[in-house]
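Here is the structure we will look at.
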Amino acid sequence: MEHELYIRCKNKDRNAQRKLYEEYAGRFFATCKRYLKNDKDAEEVLADSFYLIFTKLEQLKELQVFDAWAKKIVVNQCLQKLRKKQPFSISIEENFVDLAEAEPENVSEERGILSLLNFLPEGCRTIFNLFAMEGYPHKEIAQMLSISEGTSKSQVNFARKKLQELVRLQTINS
């Protein structure tokens, strides 16, 4: 984010806030969709995230860390939404969808591996996102989700195996 835009957003300039939203909304919505399957939930979290970004912008001390700071807000809002929906659960078999039973449109080349994340159970998908996509270490994931480090590691391992299997099945089916 450029310095002038940052100052204008801190001063509650609506045009600057709109510009910032337009610049980051697509990227942050994609982050929301990695955690939340439902577009409505992702849109709600995106709106809540931008509200927090705009209201807490004055707490940001260094402009160069804006991207990471804002993305952390988005990820935390996603996790909060998941906790509200139901208590966070880790079940390897829960909600797992076999790719062979999936509609072909659900797994297209243009969506790539990210679309395959939707075939993982919610808890497993969340942990995989935090580790592989956001770069959080297992210790921090364990603290964030109130689970053990071992559970975090095993869920990432499970996700990798299932994603490899899904990619293999997708290749066979196409």
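Residues in the sequence shown are numbered consecutively from 1, following UniProt numbering.
Even glycine gets a Cβ: it sits at the ideal position worked out from N, Cα and C.
In three-state terms, what does DSSP make of N15?
It is helical.
On the DSSP letters alone, give me the boundaries of the alpha helix (DSSP H) that S148 sits inside.
Premise fails: S148 is in no alpha helix (DSSP H) and is neither H nor E.
Could you pull out every residue in the same chain whose Cβ sits closer than 8 angstroms to the Cβ of L82, ignoring the five residues on either side in sequence?
Taken in chain order, the residues that qualify are Y35, L36, F88, E122, T126.
What's the C-alpha gap between D13 and F54?
About 10 angstroms.
With F119 as the anchor, note down where its alpha helix (DSSP H) starts and where it stops.
No alpha helix (DSSP H) holds F119; DSSP gives it neither H nor E.
Since I believe E58 is in contact with K10 (beta carbons under 8 angstroms), could you give me their beta-carbon distance rounded to a whole number of angstroms?
About 6 angstroms; that satisfies the 8 angstroms criterion.
Which word fits I172, buried or exposed, when buried means at least 16 other C-beta atoms lie within 10 angstroms of its C-beta?
Classification of I172: exposed, given that the 10 Å Cβ count is below 16.
For L114, count neighbouring Cβ atoms within 10 angstroms of its own Cβ and tell me buried if that reaches 16, exposed if not.
L114 is exposed by the Cβ-count criterion.
Measuring only the C-alpha atoms, how far is Y51 from V74?
So the alpha carbons of these two residues sit roughly 11 angstroms apart.
What is the residue span of the alpha helix (DSSP H) that Q80 lies within?
Counting along the chain, the alpha helix (DSSP H) containing Q80 begins and ends at 66 to 85.
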